[in-house]
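First up is the structure itself, then whatever we jot down about it.
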Amino acid sequence: MKNPRKFVTKPQGGFSLIELMIATLLFTVISGVTFTLLGVALKRYQVEKDYLNSFQQASVAMDEITRDVHTAGYPPLNAYTTAALAANTANVATPFAWMPNYLPAIPCTVLATCTVPGPKDLITEADLGDGNGVQWVRYSLQGTTLMRGVVKKNGGGADPVAATSAALVPYLDNVMNYASAAQMATIKAAYPSMFPGNAAVPVFTYSYDAGAAAQPPNIREVNITLIVQSPRLDPNTQKVRAVLLTGQAVRINPNK
């Protein structure tokens, strides 16, 4: 009787427990570093995105205000005869509305006796564009929100502030021109020259026709300054980020 054949099983290659533990540790470390870098990159992206959005929104607001000032004052008073003017006061652009003592009284003095136009409140008057009258366009900084409202002009010496107040809606957020003392200090920590003299920065300042009184109908240029704060802190410095935009809007229509 022949002996049965014997089979020898060779051991198969594999990883030892120590090798698996080392591999797991390396994978964990590399994954942790990778996700940490991704997290930092994501935060930076979000901050830069918010900063860019703040700049774009402020730029759009600046362009809109500039266009409204450019078109203010049309149609002017000299587009009507005296009789037609008396019957169509809502169809004539002055070109800036004011309070107190709106038409027909003598206009107030800007930045002295006027409440509007003021350093953070402005109302322009211009044609609706459809031949059916003139519109009031108002910009008013309330807290840290720049509001905007558009209504059809009322004739007969109507109050333009009261008429536009109900139409105001948020237009640009985080406008810090009139920030509180604490907010101003926080911004100045990142931008030391942002608030000269630690004073608020007017949104609107004005220049007038040569030799004319500082009254609303004589405003020729509106200088605009917007300080807009980004909603997120800089992840590296932990300081606020803000943009400052300035512009000059020239009224091109006559005032008579």
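Okay, so the sequence shown: first residue is 352 according to the working numbering, each after it adds one.
Positions of the beta carbon are idealized from the N, C-alpha and C atoms, including for glycine.
Please read all numbers here as calculations on a predicted model, not as lab measurements.
Could you say which of the options lies nearest to residue i if we only look at CA atoms?
| i | options | result |
| --- | --- | --- |
| SER581 | THR417, ILE381, ALA409 | ALA409 |
| ASP585 | MET372, GLN397, PHE378, ILE369 | GLN397 |
| LEU596 | PHE555, THR588, LYS590 | PHE555 |
| ASP524 | VAL467, LEU492, MET535 | LEU492 |
| LEU462 | SER558, MET372, PRO605 | SER558 |
| GLN566 | SER382, THR464, PRO426 | THR464 |
| THR588 | PHE378, ALA564, TYR542 | TYR542 |
| GLU415 | MET545, GLN534, TYR490, PHE447 | TYR490 |
| PRO446 | GLY469, VAL485, VAL411 | VAL485 |
For residue i and residue j, I'd like the C-alpha separation in whole angstroms.
| i | j | result |
| --- | --- | --- |
| TRP449 | THR387 | 57 Å |
| GLY480 | LYS504 | 13 Å |
| ALA518 | ARG499 | 8 Å |
| TYR453 | VAL520 | 23 Å |
| LEU497 | GLY562 | 32 Å |
| ILE381 | ALA530 | 45 Å |
| GLY383 | ALA532 | 42 Å |
| PRO455 | ILE603 | 24 Å |
| VAL411 | THR375 | 53 Å |
| LEU377 | LEU371 | 10 Å |
| ASP560 | PRO511 | 23 Å |
| TYR522 | THR460 | 28 Å |
| SER544 | ASN404 | 23 Å |
Mind checking residue i: buried by the 16 CB within 10 Å criterion, or exposed?
| i | result |
| --- | --- |
| ASN549 | exposed |
| SER367 | exposed |
| LYS471 | buried |
| LEU473 | buried |
| ASN483 | exposed |
| VAL552 | buried |
| MET535 | buried |
How far does the beta strand (DSSP E) with residue i in it reach, from first residue to last?
| i | result |
| --- | --- |
| MET535 | Careful: MET535 lies outside any beta strand (DSSP E), inside the alpha helix (DSSP H) at 532 to 541. |
| PHE555 | 555 to 559 |
| SER367 | Segment: none, SER367 is in no beta strand (DSSP E) and carries neither H nor E. |
| SER491 | 485 to 493 |
| ILE474 | 472 to 478 |
| THR445 | Segment: none, THR445 is in no beta strand (DSSP E) and carries neither H nor E. |
| MET498 | 496 to 503 |
Find out if the Cβ-Cβ distance for the pair residue i, residue j is shorter than 7 Å.
| i | j | result |
| --- | --- | --- |
| VAL467 | THR475 | no |
| ASN528 | ILE578 | yes |
| GLN417 | GLY598 | The question names Gln, yet the displayed sequence has Thr at residue 417. Their beta carbons are under 7 Å apart, which means THR417 touches GLY598 by this criterion. |
| VAL443 | VAL573 | no |
| TYR402 | ARG592 | yes |
| ALA502 | ALA513 | As written in the sequence, residue 502 is Val, which differs from the Ala given in the question. Result no, Cβ atoms of VAL502 and ALA513 do not sit closer than 7 Å. |
| THR495 | VAL526 | yes |
| VAL601 | PHE406 | no |
| THR422 | ALA477 | yes |
| PRO458 | PRO568 | yes |
| PRO451 | PRO605 | no |
| ALA540 | LYS590 | yes |
Could you spell out where the alpha helix (DSSP H) holding residue i opens and where it closes?
| i | result |
| --- | --- |
| THR515 | 511 to 516 |
Determine, for residue i, whether the minimum Cβ-Cβ distance to residues of chain B falls below 7 Å.
| i | result |
| --- | --- |
| THR379 | This model lacks chain B altogether; it includes just one protein chain. |
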